[in-house]
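Chemist: Here the protein sequences come in this chain order: A and B. My numbering numbers the first residue of the first sequence as 22 and each following residue consecutively. My numbering numbers the first residue of the second sequence as 476 and each following residue consecutively. Below you will find the structure I want to go over with you.
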Amino acid sequence: MPLLALSGLRKQFGSHVVLDDVSLDVEVGEVVAIIGRSGSGKTTLLRCINGLETIDQGTIVFDGKALPRDGPGLRELRRAIGIVFQSYNLFPHHSVERNITLGPTITNKLPLADAQKIALDVLREVGLEDKLHAYPAQLSGGQQQRVAIARALAMRPRLMLFDEITSALDPELVGEVVKVLERLAKSGMTMVLVTHEMGFARRTADTLVFMHQGKVWEKGPPRQLFGAPKTQELETFIRAVLEPEA
Amino acid sequence: MSRDFEWPEFVFLLSAMRWTIVLSLIAFAGGGIGGLLLAVARTSSIKPLRWLAATYIGLIQGTPLLMQLFLAFYGLAVIAGVRIDPWPAVILAFTLYAAAFLGEIWRGAIQAIPRQQWEAAAALPLSPAAQLRYVILPQAFRIAVPPTIGFLVQLVKGTSVASIIGFVELTRAGQLMVNVTFQPLIVYPIVAVLYFALCWPMSFWSLRLERKLDAALGIKRTA
Numbered sequence: 022m023p024l025l026a027l028s029g030l031r032k033q034f035g036s037h038v039v040l041d042d043v044s045l046d047v048e049v050g051e052v053v054a055i056i057g058r059s060g061s062g063k064t065t066l067l068r069c070i071n072g073l074e075t076i077d078q079g080t081i082v083f084d085g086k087a088l089p090r091d092g093p094g095l096r097e098l099r100r101a102i103g104i105v106f107q108s109y110n111l112f113p114h115h116s117v118e119r120n121i122t123l124g125p126t127i128t129n130k131l132p133l134a135d136a137q138k139i140a141l142d143v144l145r146e147v148g149l150e151d152k153l154h155a156y157p158a159q160l161s162g163g164q165q166q167r168v169a170i171a172r173a174l175a176m177r178p179r180l181m182l183f184d185e186i187t188s189a190l191d192p193e194l195v196g197e198v199v200k201v202l203e204r205l206a207k208s209g210m211t212m213v214l215v216t217h218e219m220g221f222a223r224r225t226a227d228t229l230v231f232m233h234q235g236k237v238w239e240k241g242p243p244r245q246l247f248g249a250p251k252t253q254e255l256e257t258f259i260r261a262v263l264e265p266e267a
Numbered sequence: 476m477s478r479d480f481e482w483p484e485f486v487f488l489l490s491a492m493r494w495t496i497v498l499s500l501i502a503f504a505g506g507g508i509g510g511l512l513l514a515v516a517r518t519s520s521i522k523p524l525r526w527l528a529a530t531y532i533g534l535i536q537g538t539p540l541l542m543q544l545f546l547a548f549y550g551l552a553v554i555a556g557v558r559i560d561p562w563p564a565v566i567l568a569f570t571l572y573a574a575a576f577l578g579e580i581w582r583g584a585i586q587a588i589p590r591q592q593w594e595a596a597a598a599l600p601l602s603p604a605a606q607l608r609y610v611i612l613p614q615a616f617r618i619a620v621p622p623t624i625g626f627l628v629q630l631v632k633g634t635s636v637a638s639i640i641g642f643v644e645l646t647r648a649g650q651l652m653v654n655v656t657f658q659p660l661i662v663y664p665i666v667a668v669l670y671f672a673l674c675w676p677m678s679f680w681s682l683r684l685e686r687k688l689d690a691a692l693g694i695k696r697t698a
């Protein structure tokens with residue numbers, strides 16, 4: 022049984038169809054990278070998975086349970102699904118440590134000392150244990166994004182969602198975040214990423230999903246999609262992202 | 476035979492100023508609680524709540540404070556069936572008044588927090604109440620400090636309206652002293668200076684508090 026099963030998802034903003042009959046299974050330990058032009062629906066798809074966007078039709082089943090629209094049931098599932106955003110979205114008025122311990126202490130009701138131990142652990146995983154008492158404004162974009170990853174990891178999620186998490190970073194800061202992602206993938210974390218980092222997608226993803234006009238246009242191992250695209254749209258897209266100047 | 480404005484008259488003004496302060500504090504405390512509820516209701520996802528809060532704020536902001544004071548004074552008297560003391564009326568009117576204005580100021584501060592902060596909190600996943608308490612309100616507080624203190628200054632001066640229904644605060648005490656001394660050009664400037672002495676430190680304190688909150692967030696001021 023897949024950890025996450027999306028079937029027949031449809032979503033409209035007004036008359037604009039953002040997701041059109043999207044189905045996708047994600048197995049435990051699988052790394053799925055979603056690529057596509059902006060406006061192809063990939064970010065919306067990701068946000069539907071943890072209920073930040075609602076769907077008009079279809080079902081989202083996580084770990085055998087259908088995702089409810091809201092309420093305590095949705096919160097319960099979100100505990101197991103971490104998400105990292107493009108703009109980090111750290112809480113600027115809390116220290117790095119408090120950003121990370123909020124979920125464990127408030128949601129999971131862990132004693133503060135236990136949560137602080139978790140905070141140190143997850144910060145080590147992203148290589149920022151020395152920033153425990155810093156405030157977000159004192160960190161670089163790459164460091165903030167790594168803290169955001171640590172914050173999500175502190176909930177010990179079973180699935181991690183990443184929404185273009187390197188897109189807002191200066192080019193020289195992308196590498197440190199990608200490195201954390203690769204390490205996380207290697208550790209066996211189930212991951213769904215929306216990304217523009219083609220090198221990373223090719224190296225690390227088990228499955229590549231190319232979205233176009235709200236549909237899953239092509240899907241398969243990265244080698245196959247990059248090497249032998251079946252559709253004209255994917256071919257054009259790959260050429261555009263690999264040779265942006267041409 | 477009229478009295479001169481001397482030390483006992485000044486002490487009379489000072490002791491009446493007490494009631495200006497007490498009324499301001501009660502209105503601010505009561506209005507603060509009401510304002511917080513209104514701000515949360517105004518930003519709630521529940522439509523009837525939003526509508527109720529907006530209607531209340533619209534009514535209070537759209538009518539003169541003096542009318543609200545008369546309504547509270549005569550309204551309470553009708554309910555009680557006797558002529559009542561001004562105290563409950565001024566407390567009621569000023570609390571309702573302060574709640575509407577603080578509610579609107581704080582609604583603005585809550586809505587100034589980017590949607591992404593709510594989403595990040597919801598993804599953790601904090602409950603809606605915890606999202607407000609740990610993520611949204613502390614940040615909104617920082618934004619709300621200057622306009623809140625600005626309103627508090629208005630409120631302190633606004634309590635002078637209570638003099639009209641016979642509530643003896645600083646302005647009413649000034650009128651009484653003018654009546655016995657016939658020296659309005661001495662008494663009223665002193666009354667004005669006393670208001671200033673109340674209000675100016677608040678503005679000053681607001682600036683210091685802002686700086687302190689900025690420092691706590693690691694924000695450096697450019698100016």
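The beta-carbon is built from N, C-alpha and C at its ideal position, and this holds for glycine as well.
Given a cut-off of 8 Å, decide if threonine 128 of chain A and alanine 136 of chain A are closer than it, judged by their beta-carbon atoms.
Modeler: As a working note, residue 136 of chain A is residue 115 in the first sequence. As a working note, residue 128 of chain A is residue 107 in the first sequence. Going by C-beta atoms, alanine 136 of chain A is not nearer than 8 Å to threonine 128 of chain A.
Chemist: How many angstroms separate the CA atom of methionine 176 of chain A from the CA atom of alanine 140 of chain A?
Modeler: As a working mapping, residue 176 of chain A is identified with position 155 in the first sequence. As a working mapping, residue 140 of chain A is identified with position 119 in the first sequence. Each residue's Cα considered, the two are about 10 Å apart.
Chemist: Check distances from the C-beta atoms of the region 612–625 of chain B to those of chain A and list, in chain order, the residues that come in under 8 Å.
Modeler: Residues Pro613, Gln614 and Arg617.
Chemist: Name the chain A residues that come within less than 8 Å of leucine 601 of chain B, Cβ to Cβ?
Modeler: Along the second sequence, read from residue 1 onward, the residue named residue 601 of chain B stands at position 126. Near leucine 601 of chain B (Cβ distances below 8 Å), the residues of chain A are Leu123, Gly124, Ile127 and Thr128.
Chemist: Below 8 Å between beta carbons: does that hold for tryptophan 581 of chain B and leucine 511 of chain B?
Modeler: On the second sequence, position 106 is the one that residue 581 of chain B refers to. On the second sequence, position 36 is the one that residue 511 of chain B refers to. Result yes, Cβ atoms of tryptophan 581 of chain B and leucine 511 of chain B sit closer than 8 Å.
Chemist: Does histidine 114 of chain A come within less than 8 Å of chain B when only Cβ atoms are used?
Modeler: Taking the first residue of the first sequence as 1, we reach residue 114 of chain A at position 93. Yes, histidine 114 of chain A counts as interfacial toward chain B.
Chemist: So, is alanine 698 of chain B buried or exposed, given that buried needs 16 or more other C-beta atoms within 10 angstroms?
Modeler: Along the second sequence, read from residue 1 onward, the residue named residue 698 of chain B stands at position 223. Caution applies to alanine 698 of chain B, whose pLDDT of 38 falls short of 50 and renders its modelled position unreliable; the value that the coordinates give is listed next. The residue is exposed, with fewer than 16 neighbouring Cβ atoms inside 10 Å.
Chemist: Assess contact between the region 215–227 of chain A and the region 28–36 of chain A, defined as three or more Cβ pairs (one per stretch) separated by less than 8 Å. Is contact present?
Modeler: Contact fails: fewer than three Cβ-Cβ distances are below 8 Å.
Chemist: Buried or exposed: which applies to tryptophan 482 of chain B, given that a residue is buried once 16 or more other Cβ atoms fall within 10 Å of its Cβ?
Modeler: Indexing the second sequence from 1 puts residue 482 of chain B at position 7. Classification of tryptophan 482 of chain B: exposed, given that the 10 Å Cβ count is below 16.
Chemist: At the 8 Å Cβ level, is serine 59 of chain A part of the contact set with chain B, yes or no?
Modeler: Counting from one through the first sequence, the residue named residue 59 of chain A turns up at place 38. So, not an interface residue.
Chemist: When the distance is taken between beta carbons, is leucine 67 of chain A closer than 8 Å to valine 168 of chain A?
Modeler: For the purposes of this step, residue 168 of chain A is taken as the residue at position 147 of the first sequence. For the purposes of this step, residue 67 of chain A is taken as the residue at position 46 of the first sequence. No, Cβ-Cβ distance for valine 168 of chain A and leucine 67 of chain A is not below 8 Å.
Chemist: Going by other Cβ atoms of all chains shown within 10 Å of its Cβ, with 16 needed for buried, is alanine 690 of chain B buried or exposed?
Modeler: As a working note, residue 690 of chain B is residue 215 in the second sequence. Exposed, because fewer than 16 other Cβ atoms sit within 10 Å of the Cβ of alanine 690 of chain B.
Chemist: Roughly how far, in whole angstroms, is the beta-carbon of valine 620 of chain B from the beta-carbon of leucine 688 of chain B, given that I think they are within contact range, below 8 Å?
Modeler: By one-based count along the second sequence, residue 620 of chain B stands at place 145. By one-based count along the second sequence, residue 688 of chain B stands at place 213. The Cβ separation is near 7 Å, so the contact holds.
Chemist: Counting only beta-carbon separations shorter than 8 Å, does isoleucine 4 of chain A have a partner in chain B?
Modeler: Outside the shown range of chain A, which is 22 to 267, sits residue 4 of chain A, and nothing can be said about it.
Chemist: Closer than 8 Å by C-beta to tryptophan 593 of chain B: which residues in its own chain qualify, once you throw out the five before and the five after it? Chain order, please.
Modeler: Along the second sequence, read from residue 1 onward, the residue named residue 593 of chain B stands at position 118. Cβ neighbours of tryptophan 593 of chain B beyond the five flanking positions: Gln606, Val610 and Ile611.
Chemist: Please report the residue range of the alpha helix (DSSP H) in which glycine 507 of chain B lies.
Modeler: Locating residue 507 of chain B in the second sequence gives position 32, counting from the first residue. Taken as a continuous stretch (DSSP letters only), the alpha helix (DSSP H) holding glycine 507 of chain B covers 482–517.
Chemist: Is it right to say lysine 522 of chain B is buried, meaning 16 or more other beta carbons lie within 10 angstroms of its own, or is it exposed?
Modeler: As a position in the second sequence, residue 522 of chain B is number 47, starting the count at 1. With fewer than 16 Cβ atoms within 10 Å of its Cβ, lysine 522 of chain B is classed as exposed.
Chemist: What does DSSP give as the partner residue(s) for histidine 233 of chain A in the beta ladder?
Modeler: Taking the first sequence and counting its residues from 1, one reaches residue 233 of chain A at position 212. According to DSSP, which records beta bridges pairwise, histidine 233 of chain A is partnered with A:Lys236.
Chemist: Hey, how far is the Cα of lysine 200 of chain A from the Cα of valine 117 of chain A?
Modeler: As a working note, residue 200 of chain A is residue 179 in the first sequence. As a working note, residue 117 of chain A is residue 96 in the first sequence. C-alpha separation (whole angstroms): 20 Å.
Chemist: Using beta-carbon positions only, say whether leucine 488 of chain B and alanine 648 of chain B come within less than 8 Å of one another.
Modeler: For the purposes of this step, residue 488 of chain B is identified with residue 13 of the second sequence, where counting begins at 1. For the purposes of this step, residue 648 of chain B is identified with residue 173 of the second sequence, where counting begins at 1. Yes; because the gap between Cβ atoms is below 8 Å, this pair is in contact.
Chemist: Please name the residue in B:Ala568, B:Leu660, B:Pro561 and B:Ala574 whose C-alpha comes closest to that of isoleucine 528 of chain B.
Modeler: Reading the second sequence from its first residue, position 53 is the one you call residue 528 of chain B. Note on identity: in this sequence residue 528 of chain B is alanine, with isoleucine being the wrong assignment. That would be B:Ala574, whose Cα lies nearest to the Cα of alanine 528 of chain B.
Chemist: If we count the other Cβ atoms within 10 Å of its Cβ and call it buried at 16 or more, is valine 515 of chain B buried or exposed?
Modeler: In the second sequence, residue 515 of chain B corresponds to position 40, counting from 1. By the 10 Å Cβ count, valine 515 of chain B comes out buried.
Chemist: Hey, which unbroken runs of the beta strand (DSSP E) at 3 residues or more fall wholly within the region 144–201 of chain A?
Modeler: The qualifying runs are 180–184.
Chemist: Could you pull the start and end residues of the beta strand (DSSP E) that glycine 103 of chain A belongs to?
Modeler: For the purposes of this step, residue 103 of chain A is taken as the residue at position 82 of the first sequence. It spans 102–105 - the beta strand (DSSP E) in which glycine 103 of chain A sits, taken as one unbroken run.
Chemist: So the beta strand (DSSP E) lysine 32 of chain A belongs to, where does it begin and stop?
Modeler: For this step, residue 32 of chain A is matched to residue 11 along the first sequence. Looking at the DSSP string, the run of the beta strand (DSSP E) that includes lysine 32 of chain A is 25–34.
Chemist: With respect to the alpha helix (DSSP H) encompassing isoleucine 532 of chain B, which residues constitute its N-terminal and C-terminal limits?
Modeler: Locating residue 532 of chain B in the second sequence gives position 57, counting from the first residue. 522–536 is the extent of the alpha helix (DSSP H) around isoleucine 532 of chain B.
Chemist: Helix, strand or coil for methionine 652 of chain B? Go by DSSP, reduced to three states.
Modeler: Here residue 652 of chain B refers to the residue found at position 177 when the second sequence is read from its first residue. The answer is helix: DSSP assigns methionine 652 of chain B an H, G or I state.
Chemist: I'd like to know if leucine 202 of chain A contacts chain B, where contact means its C-beta is closer than 8 Å to some C-beta of that chain.
Modeler: Counting from 1 along the first sequence, the entry for residue 202 of chain A is found at position 181. Taking Cβ atoms only, chain B never reaches closer than 8 Å to leucine 202 of chain A, which makes this a no.
Chemist: Near valine 143 of chain A, what residues of its chain come up, given a Cβ to Cβ distance below 6 Å and the 5 sequence neighbours on each side ignored?
Modeler: Here residue 143 of chain A refers to the residue found at position 122 when the first sequence is read from its first residue. Correct list, in chain order: Ala171, Leu174 and Ala175.
Chemist: Using a cut-off of 9 Å between C-beta atoms, extract the partners of arginine 96 of chain A located in chain B.
Modeler: Position 75 of the first sequence holds residue 96 of chain A. The answer, in chain order, is Ala597, Pro600, Leu601 and Ser602.
Chemist: Would you say alanine 516 of chain B lies against chain A (beta-carbon separation less than 8 Å)?
Modeler: Start at 1 with the first residue of the second sequence, and residue 516 of chain B comes out as number 41. No - not a single Cβ of chain A is within 8 Å of the one on alanine 516 of chain B.
Chemist: I'd like to know whether the C-beta atoms of leucine 246 of chain A and glutamate 254 of chain A end up nearer to each other than 8 Å.
Modeler: What you label residue 246 of chain A is simply residue 225 of the first sequence in a count that begins at 1. What you label residue 254 of chain A is simply residue 233 of the first sequence in a count that begins at 1. Against a cut-off of 8 Å, the Cβ pair of glutamate 254 of chain A and leucine 246 of chain A comes out as no contact.
Chemist: Under DSSP, the alpha helix (DSSP H) around phenylalanine 626 of chain B begins and ends at which residues?
Modeler: Residue 626 of chain B sits at position 151 when you count from the first residue of the second sequence. First-last of the alpha helix (DSSP H) with phenylalanine 626 of chain B: 612–633.
Chemist: Extract the residue ranges of the beta strand (DSSP E) inside the region 42–122 of chain A, only unbroken runs of 3 or more that lie entirely within it.
Modeler: Counting only runs of 3 or more, we get 52–57, 78–83 and 102–105.
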